[in-house]
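Visitor:
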Amino acid sequence: MNKKNIKSTSSVSLDNVSITYGNSVAVKNVFCDIEKNQVTSFIGPSGCGKSTVIRAINRMNDLIEGCKLSGSVIFEGIDIYAEDIDPVEVRRRIGMVFQQPNPFPKSIYENIAFGARVNGYKGNMDQLVEESLIKAAVWDECKDKLNDSGYSLSGGQQQRLCIARTIAIEPDVILMDEPCSALDPLSTLKIEETIHELKKNFTIIIVTHNMQQANRVSDYTAFFNTEKKNKDLGGKIGFLVEFDKTKNMFNSPKQKSTQDYISGKFG
Amino acid sequence: MLLRVDKATTSKFLLRRRPTSEKLVDIGFKNIVVAMASMVAVVLFSIFAVVYYESTESISRYGLRFLFSSAWNPVTDEYGAFTAIYGTLFTSISSLLIAIPLGVGTAIFITENIIPEYIRNIIGIMVELLAAIPSVVLGLWAVFIMEPFIRPFLNIIYKIFGFIPFFSTQPLGAGMMPAILILVVMILPIITSISKDSLKQVPSKLRQAAYGIGASRWTTIFKVIIPAAISGITGGVLLALGRAMGETMAVTMIIGNSNNFSWSIFAPSYTISSMLANQFGEADGSQVSSLMYAALILMILTLLVNVFAQWIVKKLSLKYQ
Amino acid sequence: MNYTSQKSLTYNPSLTRNIGNKALTIISALFAIISVLPLILVISYVLIKGGSYINFDTLILEPEPPGDDLLSAGGIGPAITGTFIMAAIASIISIPVGVGGGIYLAEYSKSGKFAKFIRFGSNVLAGVPSIIAGVFIYAIIVSTKILFGSMFSGIAGGISLSILMLPTIIKTTDEALKLVPNDMRRAAFGVGASKFTMITNITLPAAFSSISTGVLLALARAAGETAPLIFTALFSRYYITSFDDLFYEMGSLSVLIYNFALEPYEAQNQLAWAASFILVIVLLTLNILSRWIGTLGTFSKNKV
Ligand SMILES: Nc1ncnc2c1ncn2[C@@H]1O[C@H](COP(=O)(O)OP(=O)(O)OP(=O)(O)O)[C@@H](O)[C@H]1O
Ligand SMILES: [Mg+2]
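Line by line, the protein sequences give chains A, B and C. In case it helps, the numbering used here puts the first sequence at residues 1 to 267. In case it helps, the numbering used here puts the second sequence at residues 1 to 321. In case it helps, the numbering used here puts the third sequence at residues 1 to 304.
The structure is reproduced here in structure tokens:
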């Protein structure tokens, strides 16, 4: 495939992406165009490779020894796995929020300022910290204790701090791997509101196990599933089953397995 | 029939009621292991008590003056340990300053995925095996191989920088500089392996967090990974310092064993432990007491360093929980 | 936008960040090379130089007194047996005491005040310079002639080595037992085992490989020690021939190396190299063996 086939409205395109860990294939042949300034959710049963794929989009998989990718991931017309690409530059444009909140063992203020400084931020730091925390809907909880450790916050607040940290570096795309899995319903709701807010400025990709959440927050949904690799080996390979507007996906899925999964028959 | 079955079961489980013998074994065993654990305290305390007792004569005679005098004259019976104390502190701290960047750098290199894992493991094992080489063998190597090899280089330094007091004597063989270098070899494995362990224990989610906001490898290492591992690294460094201060054989063989104080790192010198190794066997009278006083000082120095190491590991590790 | 981000994703080698990263990576690689260099150099000299002086005579003969009119300096036989004997004496003392102490710490008093004190004490004892152990044994055993009137002796040497082994063995036993899951203890108590039975039949066997690792490492360290021996066991050029000889001066590989390295005679220096060869081979074998045993255990650290 060449650049012409990619829609101009898409931010990230996965083009025949297969990912292996050592010798075992984790996901294969994923094609998918992710729209700019839209929320796309990845759903599917555990182990189908959602995290693997989302980590591939900002080259986080580089950290995992033995993880290899074939095919290409195109971001704004550039193959980010090409030889001459700087993965650090990629991650500055495509930020990530992880499944477990992972603030730095620094103060709340520093957690945000650190990323900004790393990215060469020139403006007013206090203002940036405040704005980011407001956008991530934790300002009220943090404003009186900016110098306390990031760990002094609750799990949900920590996760929103991590979102604020990512927003602060103004990436083009934000990847979120099950950002709410460690959170209570109220915090989850707050984060969903945050996502709605963020959509105006960012392209968002979110992995979730929660169908309602996918339905509530996302414009597009990608459903991944697994198939048996080989009856004797018993390994499983993940693949993309269906990718469509969330509305269509939840109302009239084209594939039987999507229907089953969405209606809770398995997974 | 029934009756017989009953009898069988009761006789089968004679031990349902614990016999006193079993209780005695339990209590006896506990007392034995308590006594064995106490041995640590007994030995430690006796070492201090004996060394202190043996040095009382010298302590009462010289007091703190002992620390600042470099007289060491069995004929006139005048003793002072300044040269040895200075030598101990100077060699150990200098070797530490060289070994910290080397050791921590190596530890980082073998915990980051820069080269394939099996090569890193080989490097790690090799550095740890270095710790298995006995001090006296390193001393032998230093005397016959290392010192002759580095002497020309030291001579060049002497010729160029000889006006600086630190380099003001001609390197003629044994001296402080080769002792420092062999100490580096001895403490490198400690610093490397403890730093490696602490770096490995940094949760991977911290590394991911840093990479995820676009930090480069070395920004991540310096700003996130090392601060999180600092308690272990500091502990390892202090442990290495303690080891360097007490290290005896290799140093004794290469430091030149001279009680004449000199600022020059090329001149022969003494450390407390090399002075003990060198003189204790032939000493008598008040010289023994003075050597014991020096031994006491060495013990107190290493004790302080070790206690500080344990304290700092506890204190710093709490911060990053 | 407040970021001076270049819009390009391509790797820019002249960027300060990229230059710095590359430089630091190269420096750390250099440091790693420097760190392995001493091992390679020391080992190769010891193996090549020392190995070249090894022959049947060196291995079994007694060393001759230093002098420059000798055809041969003799051998290192008595030093080899001396090292083994003193290491054995040290093990006989320190293994039971160390393992027992470790059992107390891990099984009886997990976090009591006394246990904390003992743990602290063994860390401090581990940090006591080895020469101090020699000075201590000299003061309480050698100079007091407490061992049936004998002064310098193989037994005194063995005892001073045991002081060095003790803290390592206590610590590894303590840590090895703590790695055994509590479920196994509950299971043993659940079927009515006494504490003694539980420890000897369940937890000690489960921790056996980790404990052996620690014991072997401690033994390897003790066998290579010189400082505690130079004024406790001193040195002897003769084989021991009877039990009584344990109460007299005893030679060892390490003290032989120390003494003969500083002799001005070539023949003695060669014996020192030969002794280094044997010592290094034995110690490296013990070390590698202990690593291997460490990987066998069910609850060993290396596995987790
Ligand atoms: N670091 C890794 N090393 C080796 N294999 C891995 C690694 N991470 C994931 N895998 C494998 O890749 C496959 C996909 O895993 P992945 O974590 O992407 O699934 P997932 O869809 O995110 O699952 P979940 O919903 O449970 O988070 C699994 O079979 C997993 O075993
Ligand atoms: Mg996942």
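All C-beta atoms, glycine included, are put in the ideal place defined by N, C-alpha and C.
Could you tell me the distance, in whole angstroms, from the CA atom of Gly20 of chain C to the CA atom of Ser95 of chain B?
Guide: So the two alpha carbons sit approximately 27 Å from each other.
Visitor: Excluding the 5 residues preceding and the 5 following Asn61 of chain A in the sequence, name in chain order all residues of the same chain whose CB lies nearer than 6 Å to its CB.
Guide: Here the set comprises Arg55 and Cys67.
Visitor: What's the call for Ala26 of chain A, buried or exposed, on a 16-neighbour Cβ count within 10 Å?
Guide: When all chains shown are included, Ala26 of chain A counts as buried.
Visitor: For Asp327 of chain B, which option in B:Phe66, B:Pro74, B:Pro203 and B:Gly63 has the closest C-alpha, if you only look at C-alpha atoms?
Guide: Look at the range of chain B in this structure, 1 to 321, and you will see that residue 327 of chain B is not part of it.
Visitor: Could you check whether the Cβ of Phe153 of chain B sits closer than 8 Å to any Cβ belonging to chain C?
Guide: Closer than 8 Å: no.
Visitor: Residues of chain B with CB under 9 Å from Asn21 of chain C, in chain order?
Guide: Here the neighbours are Ser216, Arg217, Trp218 and Thr219.
Visitor: Specify, as a first and last residue, the run of the alpha helix (DSSP H) that Val280 of chain C falls within.
Guide: First-last of the alpha helix (DSSP H) with Val280 of chain C: Glu266 to Leu296.
Visitor: Does any C-beta atom of chain B lie closer than 8 Å to the C-beta of Asn302 of chain C?
Guide: Low per-residue confidence applies at Asn302 of chain C: pLDDT is 46, beneath 50, and the placement is therefore not dependable, though the value from the model is reported in the following sentence. For Asn302 of chain C, the answer is no, since every Cβ of chain B falls outside 8 Å of its Cβ.
Visitor: Closest to Ala132 of chain B by C-alpha separation, out of C:Asp174, C:Leu219 and C:Met86, would be which residue?
Guide: Nearest of C:Asp174, C:Leu219 and C:Met86 to Ala132 of chain B, Cα basis: C:Leu219.
Visitor: Round the Cβ separation of Ile204 of chain A and Val39 of chain A to the nearest angstrom and send it over; I've been treating them as touching at under 8 Å.
Guide: Their Cβ separation, rounded to whole angstroms, is 5 Å, which keeps Ile204 of chain A and Val39 of chain A in contact under 8 Å.
Visitor: Chain C beta carbons: is any one of them nearer than 8 Å to that of Val269 of chain A?
Guide: A question about residue 269 of chain A goes unanswered here, because the residues of chain A that appear run from 1 up to 267.
Visitor: For Tyr238 of chain C and Ile60 of chain C, I'd like the C-alpha separation in whole angstroms.
Guide: For Tyr238 of chain C and Ile60 of chain C, the distance between alpha carbons rounds to 11 Å.
Visitor: Would you check whether ligand 1 has a heavy atom nearer than 7 Å to the C-beta of Lys68 of chain A?
Guide: Checking every heavy atom of ligand 1 against the Cβ of Lys68 of chain A, none is found closer than 7 Å.
Visitor: Taking DSSP as the reference, what is the three-state secondary structure of Leu240 of chain A?
Guide: Strand at Leu240 of chain A.
Visitor: To the nearest angstrom, how far is it from the Cα of Asn269 of chain C to the Cα of Leu262 of chain C?
Guide: Cα to Cα, the separation comes out at about 8 Å.
Visitor: May I ask you to list the residues that DSSP assigns as paired with Ser150 of chain C?
Guide: DSSP lists C:Leu147 as partners of Ser150 of chain C.
Visitor: Are the stretch 102-114 of chain B and the stretch 185-204 of chain B in contact at 8 Å, needing three or more beta carbon pairs?
Guide: As far as the Cβ criterion goes, the stretch 102-114 of chain B touches the stretch 185-204 of chain B, which means the pair count is three or higher.
Visitor: Please enumerate, following chain order, all residues with a beta carbon closer than 7 Å to at least one heavy atom belonging to ligand 2.
Guide: Those residues, listed in chain order, are A:Lys50, A:Ser51, A:Gln99, A:Asp177, A:Glu178 and A:Val207.
Visitor: Which of the three DSSP states, helix, strand or coil, is assigned to Thr252 of chain B?
Guide: Residue state, collapsed to three classes: helix.
Visitor: Just checking: is the beta-carbon of Ile76 of chain C within a distance shorter than 8 Å of some beta-carbon in chain B?
Guide: With 8 Å as the cut-off, Ile76 of chain C does not count as an interface residue toward chain B.
Visitor: How would you label Glu65 of chain A, buried or exposed, when you count the other beta carbons within 10 angstroms and need 16 or more for buried?
Guide: Its Cβ having fewer than 16 others within 10 Å, Glu65 of chain A is exposed.
Visitor: Would you kindly work out how many angstroms separate the C-alpha atoms of Val173 of chain A and Gly242 of chain B, rounded to a whole number?
Guide: Each residue's Cα considered, the two are about 51 Å apart.
Visitor: Does the distance from the CB of Ser289 of chain B to the CB of Ser55 of chain B come in under 8 Å?
Guide: In this structure, Ser55 of chain B lies closer than 8 Å to Ser289 of chain B by Cβ.
Visitor: On the CB-based measure, 16 or more other CB atoms within 10 Å of its CB, does Asn23 of chain A come out buried or exposed?
Guide: Flag for Asn23 of chain A reads exposed.
Visitor: Going by DSSP in three states, Ala8 of chain B sits in which element: helix, strand or coil?
Guide: For Ala8 of chain B, the pLDDT reaches just 47, beneath the cut-off of 50, and the residue's location in the model is therefore unreliable, leaving the point undetermined.
Visitor: Candidates B:Ile114, B:Arg207 and B:Ile265: which alpha carbon is nearest Ile164 of chain B's?
Guide: It is B:Ile265.
Visitor: Pick out the complete alpha helix (DSSP H) segments inside the stretch 95-167 of chain B, 4 residues or longer, and give them in chain order.
Guide: Counting whole runs of 4 or more residues, the stretch 95-167 of chain B contains the alpha helix (DSSP H) stretches 117-130, 135-141 and 147-161.
Visitor: Would you mind reading off the limits of the alpha helix (DSSP H) that contains Thr194 of chain A?
Guide: Element bounds for Thr194 of chain A: Pro185 to Leu198.
Visitor: Applying the 10 Å Cβ sphere with the 16-neighbour rule, what's the burial state of Val142 of chain C?
Guide: Flag for Val142 of chain C reads buried.
Visitor: Identify every residue that forms a DSSP beta bridge with Ser41 of chain A.
Guide: DSSP output for Ser41 of chain A lists A:Ile206 and A:Thr221 as bridge partner(s).
Visitor: Along the stretch 125-149 of chain B, what residues have a CB closer than 9 Å to any CB found in chain C?
Guide: Within the stretch 125-149 of chain B, the qualifying residues are Ile125, Met126, Val127, Glu128, Leu129, Leu130, Ala131, Ala132, Ile133, Pro134, Ser135, Val136, Val137, Leu138, Gly139, Leu140, Trp141, Val143, Phe144, Ile145 and Met146.
Visitor: If you drop the 5 nearest sequence neighbours on each side, which residues of the same chain put their C-beta closer than 6 Å to that of Ile202 of chain C?
Guide: Correct list, in chain order: Met184 and Ala188.
Visitor: Can you look up Val75 of chain B in the DSSP assignment and give me helix, strand or coil?
Guide: Here Val75 of chain B sits in coil by DSSP.
Visitor: In terms of alpha-carbon separation, which member of C:Pro167, C:Leu216, C:Ser209 and C:Arg186 lies closest to Gly332 of chain C?
Guide: Examination of residue 332 of chain C is not possible in this model, given that chain C is present from 1 through 304 alone.
Visitor: Under 7 Å from any heavy atom of ligand 1, does the C-beta of Lys228 of chain A make it?
Guide: No; taking the cut-off as 7 Å, the Cβ of Lys228 of chain A has no heavy atom of ligand 1 nearer than that.
Visitor: For Pro101 of chain B and chain C, any beta-carbon pair shorter than 8 Å?
Guide: Chain C, which has a Cβ nearer than 8 Å to the Cβ of Pro101 of chain B, makes this yes.
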